[in-house]
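*Asks:* One structure follows; several queries about it will come next.
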Amino acid sequence: MAQDPILQEGREALEERAETITDKYVDALGLRAEQELLFRNKVEEFLIREQKIKEASKGDDMLNKMVALRQNEMAEMADILTRLQLQEYKKVRPTIQPLARVKQ
Numbered sequence: 000m001a002q003d004p005i006l007q008e009g010r011e012a013l014e015e016r017a018e019t020i021t022d023k024y025v026d027a028l029g030l031r032a033e034q035e036l037l038f039r040n041k042v043e044e045f046l047i048r049e050q051k052i053k054e055a056s057k058g059d060d061m062l063n064k065m066v067a068l069r070q071n072e073m074a075e076m077a078d079i080l081t082r083l084q085l086q087e088y089k090k091v092r093p094t095i096q097p098l099a100r101v102k103q
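Position 77 of the sequence shown, counted from 1, bears residue number 76 in numbering that gives the first Met the number 0, the numbering being contiguous throughout.
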């Protein structure tokens, strides 16, 4: 069964974006090789969820869902990162991955 080329292209773009984002965290957090792979997969997973929220929601509803998603991501990153890495992640994340803003 062939894959939809449009869906495949979107998936590849998300994979590239996850890799770019992860690269920014590697030095900041001192990720080990095995952590880097888990981290990148988790970033990609949440980028997919974020995209679905953006497609299905607007305005304050979207922002509320994005905030909840961000909290879930932080909680799941705690399974990958050490306590010190998680503290640093919380500090640098707003710079590397800022939360979307709702236009008034």
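No residue lacks a Cβ here, since even glycine has one placed at the ideal position from N, Cα and C.
1) For G9, does the three-state DSSP call read helix, strand or coil?
2) So, with DSSP's three-state summary, where would you put I79?
3) Count the other C-beta atoms from every protein chain shown that fall within 10 angstroms of the C-beta of E75, then say buried if there are 16 or more, exposed otherwise.
4) DSSP on R31, reduced to helix/strand/coil?
5) Please report how far the alpha carbon of D78 lies from the alpha carbon of L13, in whole angstroms.
6) Taking the beta carbon of P93 as the centre, do at least 16 other beta carbons fall within 10 Å, making it buried, or is it exposed?
7) I need the DSSP call for Y88, collapsed to helix, strand or coil.
8) Suppose the cutoff is 8 Å on Cβ atoms and the five residues either side in sequence are ignored; what does the same chain contact list for I47 look like?
9) Quick check on this structure: which residue in R82, T81, E54, L68 has the alpha carbon closest to the alpha carbon of L98?
10) Measuring only the C-alpha atoms, how far is E87 from I95?
*Replies:* Looking at the atomic coordinates:
1) helix
2) In the structure shown, the three-state DSSP call for I79 is coil.
3) exposed
4) Residue state, collapsed to three classes: coil.
5) If I take the Cα positions, the gap works out to 22 Å.
6) exposed
7) helix
8) Scanning its chain for C-beta atoms nearer than 8 Å, with the 5 sequence neighbours on each side dropped, one finds around I47 the residues L13, in chain order.
9) Closest by alpha carbon: L68.
10) 12 Å
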